[in-house]
Structure formats: C-alpha cells, structure tokens
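The structure appears below as structure tokens.
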Amino acid sequence: MSILKACLFVEIGRSTFYRPTRDWRKVDSAVIDAINAEIKKLPRAGFWKCFGRMRFKGFTFNHKRVYRVYCQMGLNLKRRAKRVLPKRIAQPLTVLKKVNHQWVLDFMHDTLYCGKRLRTLNIVDEGTRECLAIEEDTSLPADRVVRTLEQLKAERGLPNQIRVDNGPEPISACLTDWCEEQKVKLVYVQPGKPQQNGFIERFNGSFRLEFLDVYLFESITQVREMSWFWRLDYNEERTHESLGNLPPAA
Numbered sequence: 024m025s026i027l028k029a030c031l032f033v034e035i036g037r038s039t040f041y042r043p044t045r046d047w048r049k050v051d052s053a054v055i056d057a058i059n060a061e062i063k064k065l066p067r068a069g070f071w072k073c074f075g076r077m078r079f080k081g082f083t084f085n086h087k088r089v090y091r092v093y094c095q096m097g098l099n100l101k102r103r104a105k106r107v108l109p110k111r112i113a114q115p116l117t118v119l120k121k122v123n124h125q126w127v128l129d130f131m132h133d134t135l136y137c138g139k140r141l142r143t144l145n146i147v148d149e150g151t152r153e154c155l156a157i158e159e160d161t162s163l164p165a166d167r168v169v170r171t172l173e174q175l176k177a178e179r180g181l182p183n184q185i186r187v188d189n190g191p192e193p194i195s196a197c198l199t200d201w202c203e204e205q206k207v208k209l210v211y212v213q214p215g216k217p218q219q220n221g222f223i224e225r226f227n228g229s230f231r232l233e234f235l236d237v238y239l240f241e242s243i244t245q246v247r248e249m250s251w252f253w254r255l256d257y258n259e260e261r262t263h264e265s266l267g268n269l270p271p272a273a
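Here the sequence shown stands for residues 24 to 273, where the numbers follow this note's numbering.
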C-alpha cells in the first residue's frame, strides 16, 4: 500500500507521517531543568506551586508546555517522600533495678474473630518488669500514645527516659514534643536491631503466647476487659526468675 493510501486508511495527514520524530528531553531540556530545580527545593510541591515559583523567577514558559513536560516526567503521580532517620547509636541494654527509671513501649498486632484488625500498645517498666498499661484499639496514633502516658503520669509519675523503636508513632512530632516538654528522654534502638529492645520483646512473647493466641475475641471491649485481668495477674501473681522468683509488684 502506498503512503497516500495508508494515511487515508488511518486518517492522518501525510505531513504528520513525514514529520521527523523529536526527543522531548532535548527540546524541553530548559523546562526540565527549571522543574527539577523547584522539585529539589520542595519535593512535595504540585504543578501550580512549581509553575508559580518558575514565573516568579522570570521563566516565560507557557503553562500548557510546562504541564506537558511535568506529566511526561511522571511528576503528576503521587509520590511519597521518605523520612530520613537520624543515625541511631548502639547502646548497651543496661537496666537499673529502680522504679520509674526507664520505661519501654512497643506495639503488637492481632485480629478479632470477625477478621477486624487489632493493635495493642504495651508499656513496661524495665526495672521491675511491671506492665504499666496495655492499650487496645483498631488504631493507636501518636496522640493516643501521649494520652496513655498522661494517664500513667497522673497515677505514678513519669520516668527519666523511654526506650522505643523507629516506628511511625515513636518518631512523630507529637510524641517527641511531649517528651521534650515533660523532660523525658527518648532512647531509640537501631533500625533492624530488636535485640536492643529485648525486655519489651520478651514481654510481647509472653503476651502473645499466654493471651492473644489463647482466646478468640469478639470485640475490642472484650479484649480490654480480659487484658486488664491478665495484666493484674502478670504484675501481682506471675513470678520472674530475673526478679528472684518474685512478681513485679513485690
């Protein structure tokens, strides 16, 4: 088939067929450089924010051209900026046999009988192995952690420091600002080193083996009631070899 008949068949003009292909990266290199400069300074900026900053700097690119290049670069898709953690220093797992010197908190996951997800926040006093609180709900954001710590503050005061991992709740500004106001030091373990948080991991294993894996829970309320009785038994009746075969309350 001739080029004329082929163009008529697919309904395009012959000028379109003969038009040489262009590399948009070379043609729009100036636009690409300008967009990259703005994205480098403001990674979460959208198109209009980038375009406004480019216009303010004196670029005269048409907004339709900038948006075409913006889409070809894949910047119109949702992108997630990963939060860079500061370097965590390895610290020995030393514990003073002293009440309210250092607490440790961690989260656990489970499901109800209906399949609904369940989270628990466990707080333990490392010096006495006492379980201070077990908070259960479908979601436990950082402000919920602060509320639980406020309740413990009213009951028994606050510790000198709290050992945590690098989850989203412990590194949130809500918790870090609260600890700074209360003059409580946050001690972070190194990422991927759960052995540096060995005391709460040991408690989580007991909590999983003796409570979560034993029962089928029908509701959050049932979990709260049963865990309250389990925590009383853990603190007042269950003996620990590391405490000389005494319960934490003793």
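Here a beta-carbon is modelled for each residue, glycine too, at the ideal position from N, C-alpha and C. All figures in this text were calculated on a predicted structure; none of them were measured in a lab.
Check your understanding: If we ignore side chains and look at the alpha-carbon of each, how far apart do asparagine 85 and cysteine 30 end up?
Key -> Their Cα atoms are separated by approximately 32 Å.
Review point. Rounded to whole angstroms, how far is the Cβ of glutamate 149 from the Cβ of valine 122, which I believe are closer than 8 Å?
Key: The Cβ separation is near 10 Å, so there is no contact.
Practice item. Measure the alpha-carbon distance for glutamate 158 versus arginine 76 and round it to whole angstroms. Key: 47 Å
Exercise for review: Measuring alpha carbon to alpha carbon, tell me which of Leu172, Lys139, Arg167 and Thr134 ends up nearest valine 147.
Suggested key: Leu172
**Study point:** Proximity winner among Ile194, Met96, Val118 and Asp133, relative to phenylalanine 230 (alpha-carbon distances)
**Key:** Asp133
**Study point:** Local conformation of arginine 186 per DSSP, three classes
**Key:** strand
Review point. Expressed to the nearest angstrom, what Euclidean distance is found between the alpha-carbon atoms of arginine 169 and leucine 181?
Key: A small correction: the amino acid at residue 169 is valine; arginine does not occupy that position in the sequence shown. Within the model, the alpha-carbon separation for valine 169 versus leucine 181 is close to 12 Å.
Practice item. Pick helix, strand or coil for asparagine 145, following the three-state DSSP scheme. Key: strand
Check your understanding: Along the chain, which unbroken stretches of the alpha helix (DSSP H) at least 4 residues long are found entirely within the region 32 to 83?
Key -> 37 to 41, 47 to 50, 52 to 64 and 70 to 79
Check your understanding: Considering only residues of the same chain and omitting the five flanking positions on each side of lysine 139, which have a CB-CB separation below 7 Å?
Key -> Thr161
Practice item. Would you kindly report the start and end of the unbroken beta strand (DSSP E) that includes glutamine 125? Key: 125 to 134
**Study point:** Burial state of tyrosine 41 (16 or more Cβ within 10 Å)
**Key:** It is exposed - the Cβ of tyrosine 41 has fewer than 16 other Cβ atoms within 10 Å.
Review point. From Leu163, Gly221 and Leu135, pick the residue whose C-alpha is nearest to that of glutamine 245; which is it?
Key: When Leu163, Gly221 and Leu135 are compared, the shortest CA-CA separation from glutamine 245 is found for Leu135.
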